[in-house]
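Chains as they are written, first to last, in my numbering: chain D, 19 to 413; chain R, 19 to 413; chain Z, 19 to 413; chain C, 19 to 413. The beta carbon of each residue, even a glycine, is placed where N, CA and C say it ideally should be. Small disclaimer: the values here were computed from a predicted structure and weren't measured. See below for the structure under consideration.
There are 4 protein chains.
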Amino acid sequence: MSTEQNREQGRTRPLGVAMIGYAFMGKAHSNAWRNVASFFDVPAFEQKVLVGRDAAQVAEAAGKYGWAESATDWRSVIERDDIDIVDICAPGWMHAEIAIAALEAGKHVLVEKPLANTIAEAEAMTAAAASARAQGVQSMIGFNYRRVPALALARHLIAEGRLGTVRHIRAAYLQDWLSDAESPMSWRLRKETAGSGALGDIASHAIDQIQYLTGQTITEASGLLKTFVAQRPGLDGLEDVTVDDTAWATFWLTGDMGASVEASRVATGKKNDLQIEVYGTGGALTFNLENLNELGFLDATAPVREQGFRRILVNEPDHPYLEAWWPQGHIIGWEHTFTHQIRDFLLAIDSGEAPSPSFEEGLQVQRVLSAVEESANNKSTLTMVKKNVFSLEGA
Amino acid sequence: MSTEQNREQGRTRPLGVAMIGYAFMGKAHSNAWRNVASFFDVPAFEQKVLVGRDAAQVAEAAGKYGWAESATDWRSVIERDDIDIVDICAPGWMHAEIAIAALEAGKHVLVEKPLANTIAEAEAMTAAAASARAQGVQSMIGFNYRRVPALALARHLIAEGRLGTVRHIRAAYLQDWLSDAESPMSWRLRKETAGSGALGDIASHAIDQIQYLTGQTITEASGLLKTFVAQRPGLDGLEDVTVDDTAWATFWLTGDMGASVEASRVATGKKNDLQIEVYGTGGALTFNLENLNELGFLDATAPVREQGFRRILVNEPDHPYLEAWWPQGHIIGWEHTFTHQIRDFLLAIDSGEAPSPSFEEGLQVQRVLSAVEESANNKSTLTMVKKNVFSLEGA
Amino acid sequence: MSTEQNREQGRTRPLGVAMIGYAFMGKAHSNAWRNVASFFDVPAFEQKVLVGRDAAQVAEAAGKYGWAESATDWRSVIERDDIDIVDICAPGWMHAEIAIAALEAGKHVLVEKPLANTIAEAEAMTAAAASARAQGVQSMIGFNYRRVPALALARHLIAEGRLGTVRHIRAAYLQDWLSDAESPMSWRLRKETAGSGALGDIASHAIDQIQYLTGQTITEASGLLKTFVAQRPGLDGLEDVTVDDTAWATFWLTGDMGASVEASRVATGKKNDLQIEVYGTGGALTFNLENLNELGFLDATAPVREQGFRRILVNEPDHPYLEAWWPQGHIIGWEHTFTHQIRDFLLAIDSGEAPSPSFEEGLQVQRVLSAVEESANNKSTLTMVKKNVFSLEGA
Amino acid sequence: MSTEQNREQGRTRPLGVAMIGYAFMGKAHSNAWRNVASFFDVPAFEQKVLVGRDAAQVAEAAGKYGWAESATDWRSVIERDDIDIVDICAPGWMHAEIAIAALEAGKHVLVEKPLANTIAEAEAMTAAAASARAQGVQSMIGFNYRRVPALALARHLIAEGRLGTVRHIRAAYLQDWLSDAESPMSWRLRKETAGSGALGDIASHAIDQIQYLTGQTITEASGLLKTFVAQRPGLDGLEDVTVDDTAWATFWLTGDMGASVEASRVATGKKNDLQIEVYGTGGALTFNLENLNELGFLDATAPVREQGFRRILVNEPDHPYLEAWWPQGHIIGWEHTFTHQIRDFLLAIDSGEAPSPSFEEGLQVQRVLSAVEESANNKSTLTMVKKNVFSLEGA
């Protein structure tokens, strides 16, 4: 039954929500479900059931995070009549199977990024999403940073032409949690289980933002990947790390734009530093996720004497999402990017308008990541620097 | 006569200095010559003669900038017995001819960067410098940012191991003086006269710093170049801009390091924003030329609870070059990178130890720039992003 | 029954919580109650009942904010056997009556700051709290900024001697929501209802911090008060504003310390700018509430060459309260100062150890505010500047 | 002979300059004299003679700083016919005698701040300046921070009404060079020789700025002074420090404004941190001397969504004094506040218009300092905080 039909017929009960996975992302999504209705006007829903593999642990998590029940078999859960929404926080290699099954069962689906670990899976998911959408069943991928108020404001300003014609974007996502070479091996560091390293995990956010903020599409990519810590201690001695810990990429976009991204998990001292700079003919914007309540804005049409990057504290009722929160200057935390995401997802379900970012948009990001990897594997991307005839030593 | 001979025999008169060129760089170098002896103990010298093409203008400039005489024929000046040092601030295409002639005439030579507009010229200059050096005649290229106290301190900290093993460097040089598409055509925007655009003019500083700070050498390069404003108003209508206004490059260095540089003259709102970040296993450094009296430093060996990037105000007597200046916290300006450069050049002449950066080091930077251009011209550097089967419009 | 008795006998049911008031502070406290158990190990409790004057509105708020029931008569609620805790978010003039009644009824009490509008009321409350405490009934005043992780860390660092001997503290609390002279009259701007203006509302936070961070007590005060916008539009035309909109104060503390506070509601462009600087013989700290996840720290025992204020991103598991939250660099919002406050209050009830800040501490802040007002009303505080004999005009 | 007469009659030779004193301020002033004509169009002048007490040392300083001669007897120098300008960098207690003698001898006088150590001396100097001015002989006091381009821009913006009606100013001048209690005793720490401590030395700059930026006059003052390090090692053991090392003051100004100043020489970690904030009904400004090329500006008339403090890099040709210097973004140093001061002083001499700040303005600052001291000595300025009946220990 399509949402529109649902609305016409009058939904007689709250939407039932099931969530699969209760690790880091499960905790963050639960927090959003638990709080969204205290701040925003959203259709009624219930946190019905949390699904995980370990019965005891998932039961405890359900209690802690506000879910009425817990379960271990996601297949039976998505078949339940009282479940309308499936929120998938399981690891990436499980996304395709669960999402396709849920969509086919007529459930609205929210899936964490990355969409899938392979292009083939992502394509299958996208096809399933398109079919479901035709039936009024919605789907969305969790690029939650689109719901940072400052970045939503940035997109508005760009769309309104406040930057003139955008020329280039500089982005970086820098963390340091793998800086220590003694930090142990894990599934995130194996290509088979993780797909890629810093590239897929965090550069993907930057890539989505580049396209989201400008409304343009990346068409060509040049990239390099590096694994600075090539081996890490496993259970039986050192094991090979088979994904990158640092990634560099340069892009051409439609609209005659250029962009660059650098992502690292070994950038000592940087904790969660997603930084974005957008340069246009009429202005510029800057952003850093470690100060996510702020947006830098330079209006190049002001008299030169008065120009300068201003720090907008994006905490006013006039700012996206902020009317729901606290008085001006009382900053909100990282977690509410998810609260806003759930709000928008629920409103889309209610209105019957397809939410964004769609699986198609998630697939596009996967294709960009794939092109970066292909370029990085291509020997011709790099040019040797010729040696000086005169050595510095001999000088 | 070599400096060593000179010292042994006792120099009986102050060093005579001639400077060629009196535009932006000439003004900056003159300022350094005029002030260096008021702050530093340097060998005695005299600002003898300023050389330029327009007799009246160069005479006026000489008076204003503290030169005893002016002249229009650089060839006769470098032959004068009372001239010991030739400081070349003429445009890049004149560097090779003047520098080689001066070195052959036994004059110590300081030449502005870039070393030359072509690799062939740079090689010839480097050969001449090597020959002259064997005779005690010194030469140096003006990568003046090596004399920013904060960057000199950065190099010390890295050399002392305070960053552990350096892994990657992020650098950018962002300006916006060509952001306006109506800004007119000039010789700096033609490949024949300027060699390249943002790449050679400003990325070169970042490239020199990457090698200077780490003590490593760039061996491979990947790059892309872009000219956002492809035509500009000339005297007779629109003319083609034949150099880049934005450049992106990624590098591998000896020592298993990676580095990236982005340079732009159209980064709206950025004025002289040379930013450098260095990440090592034991710490990190950050720098921005718009706040050149500051160095960011994170010591990753401190307890996690207390870690954070600190802003070192590099204005203490303990800091490089600073004992000569003002009390702590009284910041110095950009111009004194040149004052320090002249000081170090004079001390090298006095001691007979070859100064750095040498012409060889300048040539190495030219080779890196050349590799970036070659990569940028190579079609294989870029990989196409495959289009989604499902168009966003159709969704 | 004391908590200790309660624990010994085994509490057989969750603690029942009632909250009185559902405006700004009620929303913030509710959010804390709703979420605290999802992040922290706290004794079991239930959000039983929300109390307000308007039956329909309080019922709606109760549903939105997670309370099981609503009520309009606080007196009957505090008598209920299933209520163990009373959280008072009603306006200041109601604090004394409710708090004393609740304490006498054996309920643990959390009361928002200021403790009361008059010293007499505050003294009566403090006496009631002391009596109740002797019976194991706890009480606490909501100086929530003590639970900012960065400020809790600051207190630890000072207590550990990392600043050496603290000499002076600079604090300011700057807002601008009354900068607009057309902003209307309200109860907050009348002395009868609000007690004071910026002084009691926001300077009180700064005063509490000065004493909390240093562990010292303010003994003498000098102050000035000013009302820049003396009249504001009321329902029947302009009305007199009878409280300050800007306050300045200087203090002497025990321990031979000095401190200053400036508070303003008309500091254009400042939104929620509580800034604190602490200077000691061995180091210094800086803080700003608009970036509440950060603490500035300078270690003056480091070599001069490396000294500088560092920005500690107080988001590590090693930092106070942070283990419960998100991975490093994922910042938390202002609201969780209340979440932490509820956690600490619940743990104190559970352990039977009196929580801090106590009503005595709240009373001490009231006495300091009173001394500031007294000084401000004293003509002798100000000295006239003699006029120049030579007028500037006549010069 | 008045300047006007001089101009009418045609000055036939460059202005002859004598400078008295060659310590810190003498070095800074010399630098300004040596460079001003290389950047600005100023009337011709010559650095004639440097005067000091020690013949050998002053001769060496003269050579280093660009003075043609040196001398030890200031009285004979100010009588010389070839001297037109006397620049007084001697200690404060010598100002009155030298300045009055020089003015009476018909020499234009620039005197370092403070004007004098006593009000009586300052009044005598002001009288002498008024008499001399009537004869076309100019005088000026060296509040050099009026010549910081960013502060000159700030004054323009305020005068143009860009801040609407200014309400309050917050200023502080924080240094830490006396933070170390082992730092030795000196004449600067004795009341007889220094007049006062942080108050006269650095708070005076902040006080001058408050009046300069707003164009208003301080009429009333409340202040407190403190000497945290009361004894310091002298030649024969510990000696009493008889001046303040920290000062707090609050002011009322004409124009219904308030202002506060805090000055400290023991603010650990702060080097030369003169910070100024100006709040008006229509905007606000912020400044910090440690980043003197920047001005913070908030335009409160912009849409709320876009408001924020902008960082203006005051380095554009459109900015005060900047046309003379380097291209945009190439920052200038602290020393050029003096270069600009000399420029303005020379232009005033040339035009015959009295320069500002005049001795009258210097006297006004002295009177404010005096009022602060008087208030600080007045017991009634401070109010005791009553003790809590309930001790915290007993709780």
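Open item on the list: Tell me which residues of the segment 318-349 of chain R have at least one Cβ-Cβ distance to chain Z shorter than 8 Å, keeping chain order.
Closed with: If the cut-off is 8 Å between Cβ atoms, the segment 318-349 of chain R has Pro321, Val322, Arg323, Glu324, Gln325, Gly326, Phe327, Arg328, Arg329, Ile330, Leu331, Glu334, Asp336 and His337 near chain Z.
Open item on the list: Is it the case that the segment 137-155 of chain C contacts the segment 266-283 of chain C, given that we only count it when at least three CB pairs across the two stretches are under 8 Å?
Closed with: At 8 Å Cβ cutoff, the stretches do not touch.
Task: Supposed contact pair Ala199 (chain D) and Val247 (chain D) - C-beta distance, whole angstroms, cut 8 Å - done: Counted from its first residue, the first sequence places residue 247 (chain D) at position 229. Counted from its first residue, the first sequence places residue 199 (chain D) at position 181. Contact between Val247 (chain D) and Ala199 (chain D) holds, with the beta-carbon distance rounding to 5 Å and staying under 8 Å.
TODO: Quick one: which residues of the segment 193-210 of chain C get their C-beta closer than 8 Å to a C-beta of chain R? List them in chain order.
DONE: For the segment 193-210 of chain C, which is checked against every Cβ of chain R, the residues closer than 8 Å are Gln193 and Trp195.
- [ ] Return the chain-ordered list of same chain residues with a C-beta closer than 6 Å to the C-beta of Gly301 (chain D), the five sequence neighbours on each side being excluded.
- [x] The residue given as residue 301 (chain D) occupies position 283 in the first sequence. So the qualifying residues of the chain are Arg180, Leu181, Leu316, Asp317 and Ala318.
TODO: Pull up the distance between the alpha-carbon of His223 (chain D) and that of Tyr163 (chain D), whole angstroms please.
DONE: Looking up residue 223 (chain D) in the first sequence gives position 205. Looking up residue 163 (chain D) in the first sequence gives position 145. Taking the CA atoms as reference points, His223 (chain D) sits about 7 Å from Tyr163 (chain D).
- [ ] Taking Pro61 (chain R) as the reference, give the member of R:Leu303, R:Val35 and R:Ala212 with the closest Cα.
- [x] On the second sequence, residue 61 (chain R) is found 43 positions in, with the first residue counted as 1. Here the closest residue by C-alpha is R:Val35.
Task: Per-residue contacts from Phe315 (chain C) into chain D (C-beta, under 9 Å) - done: Position 297 of the fourth sequence, counting from 1, holds the residue named residue 315 (chain C). Near Phe315 (chain C) (Cβ distances below 9 Å), the residues of chain D are Glu324, Gly326 and Arg328.
Task: Segment contact flag, the segment 99-108 of chain Z with the segment 75-82 of chain Z, C-beta cutoff 8 Å, min 3 pairs - done: Contact between the segment 99-108 of chain Z and the segment 75-82 of chain Z is absent: fewer than three C-beta pairs spanning the two stretches fall below 8 Å.
Task: C-beta atoms of Ala189 (chain C) and Ser48 (chain C) nearer than 8 Å - done: Numbered from its first residue, the fourth sequence carries residue 189 (chain C) at position 171. Numbered from its first residue, the fourth sequence carries residue 48 (chain C) at position 30. Their beta carbons are not under 8 Å apart, which means Ala189 (chain C) does not touch Ser48 (chain C) by this criterion.
Open item on the list: So Phe415 (chain R) contacts chain C; which residues on that side make the cut at Cβ distance below 9 Å?
Closed with: Residue 415 (chain R) is absent from the structure shown; chain R starts at 19 and stops at 413.
Task: CA nearest to the CA of Leu231 (chain C), picked from C:Pro375, C:Trp51 and C:Arg329 - done: The residue given as residue 231 (chain C) occupies position 213 in the fourth sequence. Of the candidates C:Pro375, C:Trp51 and C:Arg329, the one whose C-alpha sits nearest the C-alpha of Leu231 (chain C) is C:Pro375.
Task: Thr286 (chain C) versus Ile294 (chain Z): straight-line alpha-carbon distance, rounded - done: The residue labelled residue 286 (chain C) in the question sits at position 268 within the fourth sequence. The residue labelled residue 294 (chain Z) in the question sits at position 276 within the third sequence. Distance between the alpha carbons of Thr286 (chain C) and Ile294 (chain Z) is about 14 Å.
Open item on the list: In the DSSP output, which residue or residues are listed as bridge partners for Met402 (chain R)?
Closed with: Against the second sequence, residue 402 (chain R) aligns to sequence position 384. BP columns for Met402 (chain R) point to D:Glu238.
Task: Thr211 (chain R) versus R:Trp111, R:Gln153, R:Ser393 and R:Ala89, residue with shortest Cα-Cα distance - done: Working through the second sequence from its first residue, we reach residue 211 (chain R) at position 193. Nearest option by C-alpha distance: R:Trp111.
- [ ] Decide yes or no for the touch test of the segment 55-69 of chain R against the segment 124-135 of chain R: beta carbon pairs closer than 8 Å, at least 3 of them.
- [x] Remark: fewer than three beta-carbon pairs, one from each stretch, lie closer than 8 Å, so the segment 55-69 of chain R and the segment 124-135 of chain R are not flagged as touching.
Open item on the list: Just to confirm my understanding: we take Ile236 (chain D), look at its own chain, exclude 5 residues before and 5 after, and list those with CB closer than 6 Å. What are they?
Closed with: Your numbering for residue 236 (chain D) matches position 218 in the first sequence. Counting only Cβ-Cβ distances below 6 Å, and skipping sequence neighbours, we find Phe269, Leu271 and Val386.
TODO: Use the C-beta contact count for Trp205 (chain C): other C-beta atoms within 10 angstroms, 16 or more gives buried, fewer gives exposed.
DONE: On the fourth sequence, position 187 is the one that residue 205 (chain C) refers to. Exposed.
Task: 6 Å CB neighbourhood of Met158 (chain D) in its chain, flanking five on each side removed - done: The residue you call residue 158 (chain D) lines up with position 140 of the first sequence. Within the same chain, Cβ atoms closer than 6 Å to the Cβ of Met158 (chain D) are found at Leu128, Phe363 and Pro373, the five residues on either side in sequence being excluded.
Open item on the list: So that I know if they touch, is there some Cβ in chain D lying closer than 8 Å to that of Tyr297 (chain R)?
Closed with: The residue given as residue 297 (chain R) occupies position 279 in the second sequence. The beta-carbon of Tyr297 (chain R) is placed less than 8 Å from the nearest beta-carbon of chain D.
Task: Thr355 (chain C) (DSSP reduced to helix, strand or coil) - done: Along the fourth sequence, one-based indexing puts residue 355 (chain C) at 337. Correct three-state label for Thr355 (chain C): helix.
Task: Counted within 10 angstroms of its Cβ, other Cβ atoms place Ala221 (chain C) as buried (16 or more) or exposed - done: By one-based count along the fourth sequence, residue 221 (chain C) stands at place 203. So Ala221 (chain C) counts as buried.
- [ ] Establish whether the CB of Glu411 (chain Z) and some CB of chain D are separated by less than 8 Å.
- [x] Position 393 of the third sequence, counted from the first residue, corresponds to residue 411 (chain Z). The predicted model places Glu411 (chain Z) with a pLDDT of 42, which falls under 50 and marks its position as unreliable; any figure quoted below should be read in that light. No, its Cβ sits nowhere closer than 8 Å to a Cβ of chain D.
Open item on the list: For the segment 323-332 of chain D against the segment 320-335 of chain C, do three or more pairs of beta-carbon atoms, one drawn from each stretch, fall closer than 8 Å, so that the two count as touching?
Closed with: The segment 323-332 of chain D vs the segment 320-335 of chain C: in contact.
Task: Residues of the segment 278-290 of chain D whose Cβ lies closer than 8 Å to any Cβ of chain R, in chain order - done: Within the segment 278-290 of chain D, the residues whose Cβ lies closer than 8 Å to some Cβ of chain R are Ser278, Glu280, Ser282, Val284, Ala285, Thr286, Gly287 and Lys288, listed in chain order.
TODO: Taking 8 Å as the cut-off, decide whether the C-beta atoms of Arg98 (chain Z) and Ala119 (chain Z) are in contact.
DONE: Sequence index remark: in the third sequence, residue 98 (chain Z) carries index 80 (1-based). Sequence index remark: in the third sequence, residue 119 (chain Z) carries index 101 (1-based). It is not a contact, given that the beta carbons lie outside the stated cut-off.
- [ ] Would you please state the rounded distance, in angstroms, between the beta carbons of Ala265 (chain C) and Ala281 (chain C)? I believe it to be under 8 Å.
- [x] For the purposes of this step, residue 265 (chain C) is identified with residue 247 of the fourth sequence, where counting begins at 1. For the purposes of this step, residue 281 (chain C) is identified with residue 263 of the fourth sequence, where counting begins at 1. Confirmed, about 5 Å.
Open item on the list: Tell me which residue opens and which closes the beta strand (DSSP E) that Leu271 (chain D) is part of.
Closed with: Stepping through the first sequence from its first residue, residue 271 (chain D) is reached at position 253. Its beta strand (DSSP E) spans residues Thr264 to Leu271.
Task: Sequence ranges, alpha helix (DSSP H) only - wholly within the segment 143-224 of chain D, length at least 4 - done: DSSP runs (the alpha helix (DSSP H)) wholly in the segment 143-224 of chain D: 167-177 and 209-212.
Task: Residue nearest to Gly370 (chain R) in terms of C-alpha spacing, selected from R:Pro335, R:Gln153 and R:Met143 - done: The count along the second sequence starts at 1 and reaches residue 370 (chain R) at position 352. Comparing alpha-carbon positions, the option among R:Pro335, R:Gln153 and R:Met143 lying closest to Gly370 (chain R) turns out to be R:Gln153.
Open item on the list: Quick test of your reading: Gln193 (chain C) and Gly255 (chain R), contact by CB under 8 Å. State the CB separation rounded to the nearest angstrom.
Closed with: Position 175 of the fourth sequence, counted from the start, is the residue given in the question as residue 193 (chain C). Position 237 of the second sequence, counted from the start, is the residue given in the question as residue 255 (chain R). The pair is not a contact, with the Cβ atoms about 59 Å apart (cut-off 8 Å).
- [ ] Give the secondary structure of Val127 (chain D) by DSSP, where H, G and I count as helix, E and B as strand, and everything else as coil.
- [x] Position 109 of the first sequence holds residue 127 (chain D). In the structure shown, Val127 (chain D) adopts extended strand secondary structure according to DSSP, grouped into three states.
TODO: Establish whether the CB of Asn406 (chain D) and some CB of chain R are separated by less than 8 Å.
DONE: Within the first sequence, numbered from 1, the residue matching residue 406 (chain D) stands at position 388. Closer than 8 Å to some Cβ of chain R, the Cβ of Asn406 (chain D) qualifies, so yes.
- [ ] Taking Ser278 (chain D) as part of the beta strand (DSSP E), name the residues at either end of that continuous run.
- [x] For the purposes of this step, residue 278 (chain D) is taken as residue 260 along the first sequence, with counting starting at 1. Counting along the chain, the beta strand (DSSP E) containing Ser278 (chain D) begins and ends at Met275 to Ser282.
Task: Per DSSP, cross-strand counterpart(s) of Met37 (chain C) - done: For this step, residue 37 (chain C) is matched to residue 19 along the fourth sequence. According to DSSP, Met37 (chain C) bridges with C:Leu68 and C:Asp105.
- [ ] Using a Cβ cut-off of 7 Å, pull out every chain R residue sitting near Gly301 (chain D), in sequence order please.
- [x] Residue numbering aside, residue 301 (chain D) sits at position 283 when the first sequence is read from its first letter. Thr286, listed in chain order.
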